[in-house]
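S.K.: First residue of the sequence shown? That's -10 in the working numbering, and the numbers climb one at a time after it.
Where a beta carbon is used, it is the ideal one built from N, C-alpha and C, also for glycine.
Before anything else, here's the structure in question.
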Amino acid sequence: MIDTEAMDCNELVERVTEYLDAVLDDAERARFDAHIAECPGCEEILEQFRSVVTVTGALRPSDAAALEPARRDELLSLFREWQANV
(Lines of atoms letter the chains of each structure in order from A and count residues from 1; the text may use other names and numbers.)
(Lines give C-alpha, C1' and ligand atoms only; values in the text may rest on other atoms or scores of the structure.)
Protein backbone atom coordinates (compact mmCIF):
# COMPACT_ATOMS: atom_id res chain seq x y z
CA MET A 1 0.00 0.00 0.00
CA ILE A 2 1.37 3.44 -0.95
CA ASP A 3 1.38 6.07 1.78
CA THR A 4 -0.52 9.04 0.36
CA GLU A 5 -0.68 10.95 3.64
CA ALA A 6 0.84 14.41 3.45
CA MET A 7 4.42 14.68 4.65
CA ASP A 8 4.92 16.84 7.73
CA CYS A 9 7.92 19.04 8.52
CA ASN A 10 9.51 16.51 10.88
CA GLU A 11 9.41 13.74 8.30
CA LEU A 12 10.78 16.07 5.64
CA VAL A 13 13.77 16.95 7.83
CA GLU A 14 14.40 13.26 8.47
CA ARG A 15 14.26 12.47 4.73
CA VAL A 16 16.03 15.49 3.21
CA THR A 17 19.32 13.70 2.62
CA GLU A 18 17.50 10.81 0.93
CA TYR A 19 15.80 13.38 -1.28
CA LEU A 20 19.08 15.07 -2.17
CA ASP A 21 20.71 11.69 -2.81
CA ALA A 22 17.77 10.81 -5.12
CA VAL A 23 17.01 7.56 -3.30
CA LEU A 24 13.34 8.22 -2.48
CA ASP A 25 10.89 6.22 -4.53
CA ASP A 26 8.49 8.12 -6.80
CA ALA A 27 5.64 8.23 -4.27
CA GLU A 28 7.87 9.52 -1.45
CA ARG A 29 9.51 12.06 -3.75
CA ALA A 30 6.05 13.31 -4.76
CA ARG A 31 5.07 13.68 -1.08
CA PHE A 32 8.32 15.56 -0.42
CA ASP A 33 7.83 17.85 -3.43
CA ALA A 34 4.22 18.55 -2.44
CA HIS A 35 5.28 19.57 1.05
CA ILE A 36 8.07 21.81 -0.25
CA ALA A 37 5.60 23.51 -2.59
CA GLU A 38 3.40 24.48 0.36
CA CYS A 39 5.90 25.10 3.18
CA PRO A 40 8.29 28.05 2.83
CA GLY A 41 10.17 27.05 5.99
CA CYS A 42 10.95 23.59 4.67
CA GLU A 43 11.82 25.01 1.27
CA GLU A 44 14.41 27.15 3.07
CA ILE A 45 15.74 24.11 4.94
CA LEU A 46 16.10 22.24 1.66
CA GLU A 47 18.05 25.15 0.19
CA GLN A 48 20.27 25.26 3.29
CA PHE A 49 21.03 21.55 2.90
CA ARG A 50 21.81 22.08 -0.78
CA SER A 51 24.21 24.86 0.20
CA VAL A 52 25.93 22.61 2.72
CA VAL A 53 26.31 19.89 0.08
CA THR A 54 27.76 22.40 -2.35
CA VAL A 55 30.23 23.71 0.21
CA THR A 56 31.27 20.36 1.62
CA GLY A 57 31.22 18.38 -1.61
CA ALA A 58 28.68 15.60 -1.19
CA LEU A 59 26.73 13.60 1.34
CA ARG A 60 27.67 9.94 1.41
CA PRO A 61 26.01 7.19 3.45
CA SER A 62 29.44 6.24 4.78
CA ASP A 63 29.78 9.71 6.32
CA ALA A 64 26.79 9.10 8.59
CA ALA A 65 28.07 5.64 9.48
CA ALA A 66 31.37 7.16 10.62
CA LEU A 67 29.64 9.11 13.39
CA GLU A 68 29.39 7.53 16.79
CA PRO A 69 25.72 6.66 17.42
CA ALA A 70 25.50 8.93 20.48
CA ARG A 71 26.97 11.87 18.52
CA ARG A 72 24.61 11.24 15.59
CA ASP A 73 21.62 11.17 17.97
CA GLU A 74 22.80 14.38 19.61
CA LEU A 75 23.14 16.14 16.25
CA LEU A 76 19.72 14.94 15.09
CA SER A 77 18.18 16.08 18.36
CA LEU A 78 19.74 19.53 18.03
CA PHE A 79 18.57 19.82 14.44
CA ARG A 80 15.02 18.76 15.34
CA GLU A 81 14.98 21.28 18.21
CA TRP A 82 16.19 23.99 15.84
CA GLN A 83 13.54 22.98 13.28
CA ALA A 84 10.80 23.21 15.92
CA ASN A 85 11.78 26.83 16.54
CA VAL A 86 11.97 27.89 12.88
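#1: Only counting the same chain, and skipping five residues up and downstream in sequence, which positions put a Cβ closer than 8 angstroms to that of ASP(-3)?
#2: Could you check how far apart the C-beta atoms of LEU67 and ARG39 are, in whole angstroms? I think they sit under 8 angstroms.
#3: Whole angstroms are fine: how far does the CA of ALA(-5) sit from the CA of ASN77?
#4: Taking the alpha-carbon of VAL2 as reference, which of GLU57, GLU36, ASP14, VAL44 has the nearest alpha-carbon?
#5: Less than 6 angstroms between C-beta atoms, sequence neighbours within five positions excluded: which residues of the same chain meet that for LEU20?
#6: Taking the alpha-carbon positions, what's the GLU63 to GLU33 distance?
#7: The alpha helix (DSSP H) with GLY30 in it runs from where to where?
#8: Which residue from ARG4, ALA55, ASP14, GLY30 puts its Cα closest to that of TRP71?
M.R.: According to the structure shown:
#1: HIS24
#2: About 20 angstroms separates the Cβ atoms of LEU67 and ARG39, ruling out a contact at the 8 angstroms cut-off.
#3: Missing from the structure shown is residue 77; the chain here goes from -10 to 75 and no further.
#4: GLU36
#5: Correcting the residue identity first, residue 20 is Arg in this sequence and not Leu. Counting only Cβ-Cβ distances below 6 angstroms, and skipping sequence neighbours, we find MET(-4).
#6: 23 angstroms
#7: 29 to 45
#8: TRP71 has its Cα closest to that of GLY30, out of ARG4, ALA55, ASP14, GLY30.
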